[in-house]
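Enquirer: In the working numbering, the protein residues as written are 189 to 518. Note that the Cβ used here is the ideal one computed from N, Cα and C, for glycine as well. Starting off with a structure, shown below.
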Amino acid sequence: MSNKITAAITAVGGFVPPDKLTNFDLEKMVETNDEWIRTRTGIEERRILKGEGLATSDMVAPAVLDLCRKRGIDPLEIDCLIVGTVTPDMVFPATANIACDKIGAKNAWSFDVSAACSGFLYTLTLGASLIESGRYKKVVVCGADKMSAIVDYSDRATCIIFGDGAGAVLLEPNTEGYGVLDSILRSDGSGCQYLHMKAGGSKNPATVETVMAKEHFVYQEGQAVFKFAVKGMADVSAELLERNNLTGDDIAWLVPHQANKRIIDATAHRMGLSPEKVMLNIQRYGNTTAATIPLCLWEWENQLKKGDNLVLAAFGGGFTWGATLVKWAY
Ligand code: UT7
189 MSNKITAAIT AVGGFVPPDK LTNFDLEKMV ETNDEWIRTR TGIEERRILK GEGLATSDMV
249 APAVLDLCRK RGIDPLEIDC LIVGTVTPDM VFPATANIAC DKIGAKNAWS FDVSAACSGF
309 LYTLTLGASL IESGRYKKVV VCGADKMSAI VDYSDRATCI IFGDGAGAVL LEPNTEGYGV
369 LDSILRSDGS GCQYLHMKAG GSKNPATVET VMAKEHFVYQ EGQAVFKFAV KGMADVSAEL
429 LERNNLTGDD IAWLVPHQAN KRIIDATAHR MGLSPEKVML NIQRYGNTTA ATIPLCLWEW
489 ENQLKKGDNL VLAAFGGGFT WGATLVKWAY
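What follows is the structure, encoded as C-alpha cells:
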C-alpha cells in the first residue's frame with residue numbers, strides 16, 4: 189500500500205455496429221480479392237454504422253453506458269469524458285459533449301482529442317493524469333471512429349482497411365499500484381504528408397471542387413506509413429519495457445492497434461512475445477482507428493486477471509505513436 193495515486197481501469201465498455209462488410213462484399217465494389225486482403229492485412233470483415241444521421245457519438249454513448257452498467261454507476265457520476273476521434277460528429281462542438289448529452293452525463297466536462305490511431309493512448313494518458321492529480325474520481329476515456337464516413341469506397345488501397353466502432357474505459361483512483369503505470373507518447377507532424385484528409389479543415393475549406401476531387405476522404409501512402417509504423421510501434425514498446433526493467437516474460441498481453449497484422453507481428457517479435465499473448469481482432473473489425481485498443485480490452489476482459497501486465501501500443505496519423513504499461517486491476 190502506497191500513497192501514490194494511480195489510475196486503475198475499473199470497467200470496459202464497447203460498441204460495434206451490427207452491419208458487416210466482408211472481403212467478399214468488397215470484391216463486388218472494387219478490384220480486389222479476399223486472399224489479397226487477408227494475407228496483406230489480416231482483415232476478413234469490418235463493421236459499418238448504417239442509418240440516417242447516425243454518427244460517432246451514437247457509438248460512444250452505448251460504449252459508455254455499457255461500462256456504467258458493468259461498474260454499477262450512473263452517468264451522473266462521471267467527472268470527465270474524453271473522446272479520441274478523427275471522425276467527430278461535426279467539426280464542432282466536440283463529440284464528447286454530444287455523447288454526454290445522449291447518456292445524461294450532466295456533471296461531466298468533456299472534450300475530444302485528435303490523435304488518429306493513437307487517440308486512445310493519448311486520452312488514456314491524459315485521463316490517468318487527471319486521476320493522478322487527485323482532482324477527479326471517475327474519468328471515462330473513449331476511442332471511437334466512424335471511418336466509413338471518410339473512406340472512399342472506390343479506392344481499393346484504403347476501403348479494405350477501415351471499420352467503425354467505439355471502446356471506452358473507466359478510470360478511478362487506486363493506491364495499491366494498479367492501473368496506468370507508464371506511458372511513452374510521441375508525435376511527428378512531418379508524417380502528415382503520408383496520411384491525412386486534404387480538405388474540410390481551415391487549410392482547404394470545403395468547396396464544390398474539393399468534393400469533386402474526393403478530398404474529403406482518407407489519403408494514405410500505405411507503404412510509407414507501414415514502414416514508419418513497424419519501426420515506431422516496435423521501438424517505443426521495446427523502450428517502455430526497458431525503462432521499466434521488464435522483459436517479454438513479464439508481459440501477460442500485448443494490446444496493439446489493429447492496423448495491419450504484419451505490423452502487430454513485428455512488434456510482438458521485437459518484444460519477445462509469443463502470438464498467444466497478443467490480442468488480435470483485426471480479422472473481425474478491421475482498423476477502427478482510435479477504437480481498436482479499447483475494443484480489444486472489451487473483448488478480452490473476461491480473460492484478464494488482476495495483476496496482469498499489459499502493454500498497449502499504437503501508431504497512426506500525425507504521425508502519432510506510443511506505448512502504455514497497465515497493471516490490470518480486477
Ligand atoms: O492505422 C493507421 C496507420 N495505417 C497503417 O498502419 C497502414 C499501413 N500500411 C499498410 O497496412 C499497407 O501498406 C496496406 C495494407 C495499406 C497496403 O499493403 P502493401 O503490402 O503495402 O501493398 P502496396 O500498397 O505496396 O501494393 C502492392 C500491390 C500493388 O500492385 P502493384 O503495383 O504491385 O501491381 C497495389 O496496386 O497490391 C495492389 N493493391 C491491391 N491489390 C488487391 C493495393 N490494394 C489492393 C487491394 N486488392 N485492395
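I'd like to confirm something about Gly-307: is its beta-carbon nearer than 8 Å to some heavy atom of the ligand UT7, or not?
Expert: Gly-307 Cβ: outside cutoff for every heavy atom of the ligand UT7.
Enquirer: Is the separation between the beta-carbon of Cys-484 and that of Leu-461 shorter than 9 Å?
Expert: Cβ atoms of Cys-484 and Leu-461: not closer than 9 Å.
Enquirer: State yes or no: is the C-beta of Thr-244 within less than 9 Å of the C-beta of Asp-333?
Expert: Yes, Cβ-Cβ distance for Thr-244 and Asp-333 is below 9 Å.
Enquirer: Within 10 Å of its beta-carbon, does Thr-512 have 16 or more other beta-carbons around it, so buried, or fewer, so exposed?
Expert: Counting Cβ neighbours within 10 Å, Thr-512 comes out buried, since at least 16 surround it.
Enquirer: So Arg-323 is in the alpha helix (DSSP H); what residue range does that whole segment cover?
Expert: Here Arg-323 belongs to no alpha helix (DSSP H), and DSSP marks it neither H nor E.
Enquirer: Where does Met-217 fall in DSSP's three states?
Expert: Three-state result, Met-217: coil.
Enquirer: Tell me whether the beta-carbon of Val-357 lies closer than 9 Å to the beta-carbon of Gly-201.
Expert: Yes, the Cβ-Cβ distance between Val-357 and Gly-201 is below 9 Å.
Enquirer: Just to check, is the beta-carbon of Gly-331 closer than 8 Å to a non-hydrogen atom of the ligand UT7?
Expert: Answer for Gly-331: no, Cβ out of range of the ligand UT7.
Enquirer: Cβ of Met-551 within 9 Å of Cβ of Thr-275?
Expert: Absent from the structure is residue 551, since the part of the chain shown begins at 189 and ends at 518.
Enquirer: Please give the ranges of any alpha helix (DSSP H) in the segment 217-281, keeping only runs that are unbroken, at least 4 residues long and fully inside the region.
Expert: As far as the segment 217-281 is concerned, its whole alpha helix (DSSP H) runs of at least 4 residues are 222-229, 245-259.
Enquirer: Please name the residue in Leu-429, Leu-314, Lys-415 whose C-alpha comes closest to that of Leu-269.
Expert: Looking at the Cα atoms, Leu-314 is the closest of the given residues.
Enquirer: If I follow the unbroken beta strand (DSSP E) through Asp-352, where does it start and stop?
Expert: Looking at the DSSP string, the run of the beta strand (DSSP E) that includes Asp-352 is 352-362.
Enquirer: Measure how close the beta-carbons of Leu-369 and Lys-493 come, nearest whole angstrom, since I'm counting them as under 8 Å.
Expert: Not confirmed; about 16 Å, so no contact.
Enquirer: Any heavy atom of the ligand UT7 closer than 8 Å to the CB of Asn-433?
Expert: Not under cutoff, so the answer is no.
Enquirer: Let's see if you can read the secondary structure: which residues bound the beta strand (DSSP E) around Trp-297?
Expert: Element bounds for Trp-297: 297-301.
Enquirer: Given this structure, state the Cα-to-Cα distance separating Trp-509 from Glu-489, to the nearest angstrom.
Expert: Distance between the alpha carbons of Trp-509 and Glu-489 is about 24 Å.
Enquirer: Just how far apart, CA to CA, sit Asp-207 and Lys-238?
Expert: Straight-line Cα distance between these residues: approximately 7 Å.
Enquirer: Return the residue from the list Asn-211, Arg-234, Ile-236 that minimises the CA-CA distance to Trp-224.
Expert: Taking only the C-alpha atoms, the option nearest Trp-224 is Asn-211.
Enquirer: Tell me the rounded alpha-carbon separation between His-384 and Met-459.
Expert: Distance between the alpha carbons of His-384 and Met-459 is about 30 Å.
Enquirer: Ile-197 to Glu-219, Cα distance in whole Å?
Expert: Taking the straight line joining both Cα atoms gives about 43 Å.
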